[in-house]
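Step one of this worksheet: look at the structure below.
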Amino acid sequence: MSLQKNFVIGLMLFALFLGAGNIIFPPLLGQMAGDELFIAMIGFLITGVGLPLVAILAIANAGGGLETIASRVNPYFGIAFTMIVYMAIGPFFGIPRTATVSYEIGVVPFLPDSISDSNWPLVLFTIVFFIITVVLALNPAKLVDRIGKVLTPILFLVIGALAVKSIVSPMGDIGQAHVDFATNAFFRSFVEGYLTMDVIAALVFGIVVINALKAEGVTESRAVMKAMVFAGVVAATGLALVYISLGYIGATSVDAIGIQDNGGAVLALASTVLYGPYGTMILALTIIFACLTTSIGLVSACAQYFKHVFPRNSYKTYVLIFAGFSAIIANVGLTQLISISIPVLLTIYPLAIVLMLMSFIDKSFGRKPIVYILALLATAFVSIFDGLKGAGIEIKPVNDMLAHLPLYEQQIGWLVPAIVGALIGVVLSPLFKKRI
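Next comes the structure, spelled out in structure tokens:
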């Protein structure tokens, strides 16, 4: 493909990644990190940008989606785990959240007080939101043009307007670091970047990019790998620029708006300070376009995967099913949706990371499933109890035992057990001459 087409696909991947959570988090990080912003941003970029880029490269290296990698454990596990991931980041949590966040930040501020607490505006908004999603997702071959050439430049424009204004006319000086950012800025931000869940999104969006490349006539494995790497680098660069810009906005906003409880409030107030009444509208456009592109990508990815597993139904049917189901779930409300999703994501996210990282080195142990199995069992033992703890179900004897693991308090307690499990698998692998 031409350099221009490669670049457009990279912009499409960037836009798919950049959801509302990615826009809301960096301003709050900037406020809390203050004069430790540089160190904090390095930690965040490693996990918020680096790991998703590695995930895209893992998909490219495997030559297929998440199922291709997960099937190296067992074909049935490959299908089951992939379906769980797609349902979690798709119609159960991820897709509905794009609509609820768009509504809360992009619509509610413009509603009269008399109706802002009513349910029917959210119902109407979700209907319109998902009709647009369906229209733009129905033809996956046109996702590159619709997102890469149209929506992404608009997204860049509104974020750039905020960033440039904050540099030309800063709201104030960069303040002091707060709480543990003052002494542990790097690792705190490193963990926060990990919790953005973009690794799972990368494993889902990877197949969207592969299918977009096939639609452009790119089918040879080395050409696909090369294009995927290019797209991943473009997306990672775009994400890094956005995160740095929004982090700077947050760091310079304390004098003008004070310390806020969440990044949405930081960005809303900062946009008003920077652009007056137009600031709220700029923020609304940013959030709605960011959420819309993510919604389109997730609906398309889920529909493509389920058509692959259950080919009896058409791609269009799955698009309509997932969009309709997501519209219903979205009306649960943002707060309830997030509280339900956290335990599930805390459980499956570490498993996805371990699968991704092992896919790069599995040739060294002959791709024996026993190595994958033991690494994932050790990971699952920790992540399942992390998920239960996130749901408010605390099994004290087990949690007390797990608390001795390195990095457990930072929710990365699964890392050492995963490594130990993989090493035991490597030692035992000669006993398994055939793949199990």
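First residue of the sequence shown: 40, per our numbering; consecutive thereafter. We put the beta carbon where it would ideally sit given N, CA and C, even for glycine. Note that this is a predicted model, so its numbers are computed, not measured.
Cα-Cα separation between residue i and residue j, rounded to whole angstroms
i, j, result
"Ser353", "Ser292", "49 Å"
"Gly133", "Leu308", "26 Å"
"Lys44", "Asp156", "45 Å"
"Leu446", "Ser228", "14 Å"
"Asp212", "Thr319", "23 Å"
"Phe195", "Tyr287", "16 Å"
"Ile326", "Gly145", "6 Å"
"Lys265", "Asp401", "21 Å"
"Asp18", "Tyr314", "The question about residue 18 has no answer here: the residues shown for the chain are numbered 40 through 475."
"Leu285", "Val248", "27 Å"
"Phe120", "Ala109", "7 Å"
"Leu470", "Ile409", "10 Å"
"Leu175", "Leu331", "10 Å"
"Ile475", "Pro389", "Reliability of the predicted coordinates at Ile475 is poor, the pLDDT of 45 falling under 50, and the value obtained from them is presented with this limitation in mind. Their backbone Cα atoms lie some 23 Å apart in a straight line."
"Leu468", "Ala461", "A small fix is needed here, since residue 468 is Ser in this sequence, not Leu. Straight-line Cα distance between these residues: approximately 10 Å."
"Trp159", "Thr137", "18 Å"
"Phe424", "Ala72", "30 Å"
"Leu444", "Gly452", "6 Å"
"Gly271", "Gly405", "28 Å"
"Asp300", "Phe131", "26 Å"
"Leu310", "Leu201", "Looking at the sequence provided, one finds Ser at residue 310 rather than Leu. Answer to the nearest angstrom: the Cα atoms are 7 Å apart."
"Ile48", "Ala304", "32 Å"
"Ala254", "Val348", "20 Å"
"Ala419", "Gly199", "41 Å"
"Thr386", "Val312", "40 Å"
"Leu96", "Ile246", "12 Å"
"Ala64", "Gln70", "Note that residue 64 corresponds to Phe in the displayed sequence, not to Ala. Taking the straight line joining both Cα atoms gives about 10 Å."
"Ser205", "Tyr317", "15 Å"
"Ile123", "Leu454", "22 Å"
"Val203", "Val281", "12 Å"
"Val393", "Met210", "42 Å"
CB of residue i within 8 Å of CB of residue j, strictly
i, j, result
"Ala30", "Ala224", "No statement about residue 30 is possible, as the shown extent of the chain runs from 40 to 475 and does not include it."
"Phe361", "Ile193", "no"
"Ala417", "Ala457", "yes"
"Gly277", "Pro66", "no"
"Val55", "Thr333", "Note on identity: in this sequence residue 55 is Leu, with Val being the wrong assignment. Yes; because the gap between Cβ atoms is below 8 Å, this pair is in contact."
"Leu50", "Val338", "no"
"Cys341", "Gly58", "no"
"Ala216", "Glu75", "yes"
"Phe244", "Gly336", "yes"
"Val238", "Leu415", "no"
"Tyr411", "Met397", "yes"
"Thr235", "Asn370", "no"
"Val88", "Ala391", "no"
"Leu413", "Ile381", "no"
"Val263", "Ala94", "no"
"Ile368", "Pro135", "yes"
Identity of the residue in the options nearest residue i by Cα
i, options, result
"Phe149", "Thr386, Leu427, Pro469, Ile321", "Ile321"
"Lys428", "Leu384, Val146, Asn158", "Leu384"
"Gln450", "Glu231, Ala221, Thr356", "Glu231"
"Gln343", "Val358, Ile423, Gly87", "Val358"
"Ile379", "Ile392, Ala461, Gly426, Phe53", "Gly426"
"Leu252", "Gly464, Leu467, Leu52", "Leu52"
"Val476", "Leu68, Val421, Gly199, Ile432", "For the chain, the structure presents residues 40 to 475; residue 476 sits outside this window and is missing."
"Ser208", "Phe46, Ala295, Ala323", "Ala295"
"Ala241", "Thr86, Leu413, Ile166", "Thr86"
"Phe226", "Lys435, Ala419, Ile463, Gly82", "Gly82"
"Phe46", "Ala304, Val268, Val465", "Val268"
"Val197", "Val162, Ala97, Asn100, Leu306", "Leu306"
"Phe364", "Ala391, Tyr317, Phe168, Ile118", "Phe168"
"Tyr142", "Ala101, Arg351, Leu161", "Leu161"
"Arg111", "Leu454, Gly214, Lys407, Ala99", "Lys407"
"Tyr125", "Val173, Phe345, Asn113", "Phe345"
"Phe77", "Asn100, Tyr115, Ala221", "Ala221"
"Thr356", "Ile170, Asp152, Leu68, Leu177", "Leu177"
Extent of the continuous alpha helix (DSSP H) to which residue i belongs
i, result
"Gly297", "Where Gly297 is concerned, there is no enclosing alpha helix (DSSP H), given that its DSSP letter is neither H nor E."
"Leu306", "302 to 314"
"Leu177", "Segment: none, Leu177 is in no alpha helix (DSSP H) and carries neither H nor E."
"Gly286", "260 to 290"
"Ile78", "76 to 84"
"Gln43", "42 to 56"
"Lys435", "435 to 441"
"Asn370", "Taken as a continuous stretch (DSSP letters only), Asn370 belongs to no alpha helix (DSSP H), as it is neither H nor E."
"Asn352", "Careful: Asn352 lies outside any alpha helix (DSSP H) and carries neither H nor E."
"Ser422", "408 to 429"
"Lys476", "One cannot answer for residue 476 here, as it falls past the ends of the chain, which runs 40 to 475."
"Ser403", "No alpha helix (DSSP H) contains Ser403, which DSSP labels as neither H nor E."
"Val459", "454 to 467"
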